[in-house]
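Notes to accompany the following structure.
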Amino acid sequence: MWTVEALFGVAWLFAGLVVWWILDDNPSRTAQWVVGGLLLVFAVTYVAIMPRWRYRVHRWEATASAIYTQTGWIKQERRIAPLSRVQTVDLERGPIAQLFTLASVTVTTASAAGPIKVHGLDRAVAQELVEGLTAAAVADTGDAT
Amino acid sequence: MTEHQPGSGPLAAEQTDQSEQSEPAPPARSTDPGDRVDQADQAEAMGPVPETDWRRLDGRMLLVNPLETLIRALPAVLAIFVARAGSDSGQRWELIAVPVILAFGALRWLTTRYRIQDGQIELRRGVITKQVTTARLDKVRTVDLTSKIYHRVLGLAKVEISTGSSAKERLVLDSLRVGQGRTLRAELLHRRGPAVAGLPGPTGAPVDASEVGLPASDASRLDDAGEVGDVELLRLDPGWVRYAPLTLTGLVSTVAIFGFVSQGLRTFGDEGKLLKSGVDSVGALTWWVDALLLVIVVSVLAVFAYVLSFWGFRLTRSHRGSLHTRRGLLTSRETSIDHARVRGIRLDEPIGLRLAGGRRLKVVTTGLRAERGGSDWLCPPAPADVVTDLARTIVPDDDAVFGRLHQHGGAARRRRLARALVPTSLLVLVVATAILRWDGPLTLLIALPPLPVIAVVVALDRYRGLGHRVTPDYLVTRQGSLDRRRVVLARSGVIGWTVVQSFFQRRSGVATLVATTAAGQQHYDVFDVPLERAYAIIAEISPDLLAQFQTPERAFDTSERPQVPDAQ
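Read top to bottom, the protein sequences are chains A and B. Note that my numbering has the first sequence beginning at 1, numbered continuously upward. Note that my numbering has the second sequence beginning at 146, numbered continuously upward.
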C-alpha cells in the first residue's frame with residue numbers, strides 16, 4: 001500500500017515537472033532534464049526504500065488496557081496510551097487501502113497531541129481491534145482527562 | 146475518576162427528558178437571583194428534580210452589543226466615511242445598518258437563555274440557527290469573567306464557561322451583570338445554590354484533594370465548609386513593574402504599534418511627510434542614541450502593557466480549592482480554575498527575567514489552552530522567591546518546584562552544540578562568500594565571527610537548562626535558554642507517552658520523551674534523554690502500562706522481537 005501511495009506522491013512531482021516544461025518559454029530544456037534526472041533518482045530510491053523501511057518499523061499491540069504503536073521511518077515514534085483515557089476510535093479506509101482491503105484505526109485520547117494511528121491493518125483485524133477498543137473504552141467510566 | 150455517586154442517578158445526562166427542553170419557560174422569568182432561589186426551593190420541595198427557570202442575559206447588553214458591532218465594523222465604517230467625504234449626495238443609506246444592528250442585539254437578547262437543570266447547564270441561542278448547548282456540570286473546568294471597559298461602565302461581564310480543551314467546548318454568555326456572573330460561577334464551581342447543591346462536586350466526591358496530590362492537611366482545610374472564605378495567595382506589588390521591560394511583551398507591542406501607526410500614516414499622505422522628517426532627524430543621531438531611544442520606547446511600552454494587563458492582580462484560593470485570579474486596568478478579567486482540573490504549573494524564566502532574578506508562573510490545567518489570551522497566568526513577572534513560594538503553595542512538592550534536575554548527559558550536549566554550530570557556521574560562510582564575491586560592505590565581515598561564539602554560549606546554556614526529574618507525584622521537565630521554562634506536571638495528568646527518535650537521535654542513542662496530557666499545551670516534552678532513561682521514566686510513572694508490553698528492552702528493540710503480522 002505504501003508503495004502505491006509513494007508512487008502517487010512521486011507522480012505529483014513529475015506532474016509538476018511536466019507543467020513547468022510546458023509553461024517555460026526558454027527554448028533550452030537543460031534545466032528540466034537536470035531536475036528531471038535528479039527527481040527520477042530520488043523517486044526510485046524513495047519508492048524502493050521507504051515502504052520496506054516503514055514496514056520493518058511499524059508495529060502495534062493492544063492489550064486489555066493499553067495500546068502501543070511504533071511508526072515512522074527516518075523519524076520514528078512509539079506511542080503508548082492506556083485505554084482508560086481513550087475518547088474516540090475511528091476506522092478509516094482510503095481509496096488505495098480499499099484496493100488492498102486494508103484499513104487504518106485512529107485512537108484519540110483527551111489530549112490533542114496524542115492520537116494513535118495504526119496503519120495498514122487487514123480489514124477484518126481492524127474491525128476486531130475497533131470493537132475491542134470500543135468495549136474497553138466504554139467499560140471505563142470517567143471523563144478520561 | 147469522575148464516578149457518579151449513588152443517588153445522583155436521575156441527574157445523569159442520558160436521562161434528561163427531551164420534552165422538557167421544548168417546554169416553554171415558566172412565565173415569571175425574573176433575573177433577580179434571590180427571587181429565583183425561592184422558586185427553586187419550592188420546586189425542590191415538590192419533586193426530586195426541580196424545574197429551574199431559564200435565565201437571560203442582562204438587559205444592558207443591548208447597549209454593549211451595538212457598540213461591539215460598531216468597533217468590529219470600524220474599518221468598514223471608516224471606509225464609508227472616507228468614500229462619503231468625496232461625494233455630495235445627501236442620501237445616507239448606510240444608516241439603515243443602525244436599526245438592523247440594534248434589532249440583532251435585541252433578538253440575541255430575546256433568544257439567548259440559559260439554565261442549570263439536571264446537573265447540566267443548558268444554553269439556548271441563535272437568531273437564524275437555533276442552537277442548544279448542554280454541558281454536564283461535572284465537566285466544567287474553568288469560568289472566565291471578562292469585562293471590557295464599556296462592560297465595566299455598565300457593570301457587566303462576559304462569562305465564558307469552558308468544559309473541554311477545545312474552543313468549541315465553550316459556553317459564552319455575553320453579558321451578565323457582574324454579581325450574576327459571580328453567582329453563576331459559585332454555582333458551577335462550588336455547587337452553591339439550590340439547583341446544584343445536591344450534585345456531586347466537580348470531581349465526583351465533594352473535593353477530592355488527593356487526586357491532585359495535595360497533602361492531607363490541605364485537604365482537611367479545603368473541606369472546612371464555607372466559613373473559612375478565600376485565602377489570598379498573591380497580590381501584585383507595584384514595584385514588580387520593573388520586570389516588565391525584561392520580557393518580550395514590550396518588543397512585541399512596539400512592533401505592533403509601529404506597524405499600526407505606519408499603516409495609518411500611509412493612508413493619510415500628508416502626515417507621511419511629517420513622519421519622514423521625524424525619521425530623518427532620528428537617523429541623523431549617532432547609533433548609540435538610536436539604540437538608547439529604542440530601549441526607552443520599548444521599556445515604556447512594556448511597563449504600559451504590564452500595568453494594563455496585570456493591574457490589581459490578585460490570586461486567591463477559595464475554601465473549596467478553586468484558584469481564582471483577577472486582573473486588568475481597563476479590561477478586567479477574572480478566571481476561576483477548578484482545582485481538580487489543575488494538572489501542574491509552568492515556571493517561566495526567560496533570559497531577561499532570569500538575569501534580574503525574576504520569574505513568572507502559569508498554571509497547567511485542562512480547559513485552558515496554553516495559547517489562549519493568557520488566562521492561565523498565576524503570577525505576572527515577579528521576584529523569584531515570591532514566585533517560588535507561590536508555586537510551592539500550589540504544588541506542595543519542594544523537589545518538583547526547585548529541586549535539582551537530572552541532566553541529560555553528553556549526547557544531549559553534543560546535540561545542542563551541533564544544532565547551534567552547524568546552521569550558524571553555514572550562515573557565516575554563505576554571507577562571507579556573498580560579501581567577498583559581490584563586494585559587499587566589508588564592515589559586515591567583522592560582525593560575523595562572534596556569531597558562532599554566541600551560538601556556542603547559547604547552546605551550552607541550553608544544555609544547562611535541560612533537565613528532568615520524577616518525584617512521587619510529579620514529572621518535572623525543564624528546557625531552553627533564551628526562553629527557559631520548567632514544567633511540573635502531575636503524574637495523574639499524563640495520558641499517554643510518545644517516544645520520538647529522529648535519525649540523528651537514534652545514532653546518538655537519545656530520544657525525546659513526550660508526555661501527552663489533556664491540559665495546557667497538550668503535550669510536554671523531555672528532550673534528548675538517553676533512551677533507557679526515557680523508558681525508565683515511563684516505567685516509573687505508569688508501571689502497569691509498560692509492564693504489559695514485556696520488558697522495555699524486549700518490547701522496544703526492533704531486532705529481537707518477532708515480526709507482528711501487520712499486513713503490508
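Yeah, the Cβ is synthetic: ideal placement off N, Cα and C, and Gly gets one too. Since the structure is predicted, the reported quantities are computational estimates derived from the model, not experimental observations.
Take residue 551 of chain B, set aside five residues on each side of it, and the residues of its chain with a beta-carbon closer than 7 Å to its own are 612, 613 and 614, in chain order.
Rounded to the nearest angstrom, the gap between the Cα atoms of residue 499 of chain B and residue 506 of chain B is 13 Å. In this structure, residue 626 of chain B lies away from residue 560 of chain B, with their beta-carbon atoms at least 8 Å apart.
One thing to note: residue 527 of chain B has its Cβ within 8 Å of the Cβ of residue 504 of chain B. About 6 Å separates the Cβ atoms of residue 282 of chain B and residue 333 of chain B, confirming a contact at the 8 Å cut-off.
Taking 8 Å as the cut-off, the Cβ atoms of residue 106 of chain A and residue 115 of chain A count as close.
Here the alpha carbon of residue 118 of chain A sits roughly 15 Å from the alpha carbon of residue 101 of chain A. The alpha carbon of residue 493 of chain B has as its nearest neighbour, out of B:572, B:547, B:601 and B:378, the alpha carbon of B:547. Along the region 70 to 84 of chain A, the positions whose C-beta sits under 7 Å from a C-beta of chain B are 74, 75, 76, 77, 78, 79, 80, 81 and 82, read in chain order. Beta-bridge analysis with DSSP links residue 669 of chain B to B:660. Interface residue (Cβ-Cβ distance to chain B less than 8 Å): residue 45 of chain A is not classified as such. Between residue 511 of chain B and residue 280 of chain B, the gap from beta carbon to beta carbon reaches 8 Å or more. By the neighbour-count definition (other C-beta atoms within 10 Å, threshold 16), residue 124 of chain A is an exposed residue.
If the five residues before and after residue 538 of chain B are omitted, its C-beta is found closer than 7 Å to the C-beta atoms of 378, all from its own chain and listed in chain order. The secondary-structure analysis by DSSP pairs residue 628 of chain B across a beta bridge with B:495.
Straight-line measurement puts the Cα of residue 249 of chain B at about 10 Å from the Cα of residue 243 of chain B. For residue 538 of chain B, the enclosing alpha helix (DSSP H) covers residues 529 to 539. Looking only at B:202, B:288 and B:256, the smallest Cα-Cα distance to residue 486 of chain B is reached by B:288. Contact check for residue 10 of chain A and residue 48 of chain A: beta-carbon distance about 11 Å, past the 8 Å limit, so the pair fails to qualify.
Looking at the backbone, the Cα of residue 4 of chain A and that of residue 97 of chain A are separated by about 10 Å.
Within 10 angstroms of the beta-carbon of residue 458 of chain B lie 16 or more other beta-carbons, which makes it buried. Nearest CB-CB separation between residue 110 of chain A and chain B: below the 8 Å threshold.
In the three-state reduction of the DSSP assignment, residue 507 of chain B falls in the strand class, which pools E and B. The residues 474 and 475, in chain order, have a CB closer than 7 Å to that of residue 453 of chain B in the same chain once the five nearest residues on each side in sequence are set aside.
Straight-line spacing of the CA atoms in residue 32 of chain A and residue 13 of chain A works out to 12 Å. DSSP lists B:288 and B:469 as the beta-bridge partner residues of residue 481 of chain B.
In the three-state DSSP reduction, residue 72 of chain A falls in the strand class (E or B). DSSP lists no beta-bridge partner residue for residue 573 of chain B.
The residue among B:600, B:684, B:591 and B:592 with its C-alpha nearest the C-alpha of residue 562 of chain B is B:600. At least one CB atom of chain B sits nearer than 8 Å to the CB of residue 66 of chain A. Counting other Cβ atoms within 10 Å of its Cβ, residue 639 of chain B reaches 16 or more and is therefore classed as buried. Secondary structure of residue 501 of chain B (DSSP, three-state): coil. For the region 640 to 665 of chain B, the residues whose beta carbon sits under 8 Å from a beta carbon of chain A are, in order, 640, 641, 642, 643, 644, 645, 646, 647, 648, 651, 659, 661, 662, 663 and 664. With its beta carbon less than 8 Å from one in chain A, residue 690 of chain B belongs to the interface.
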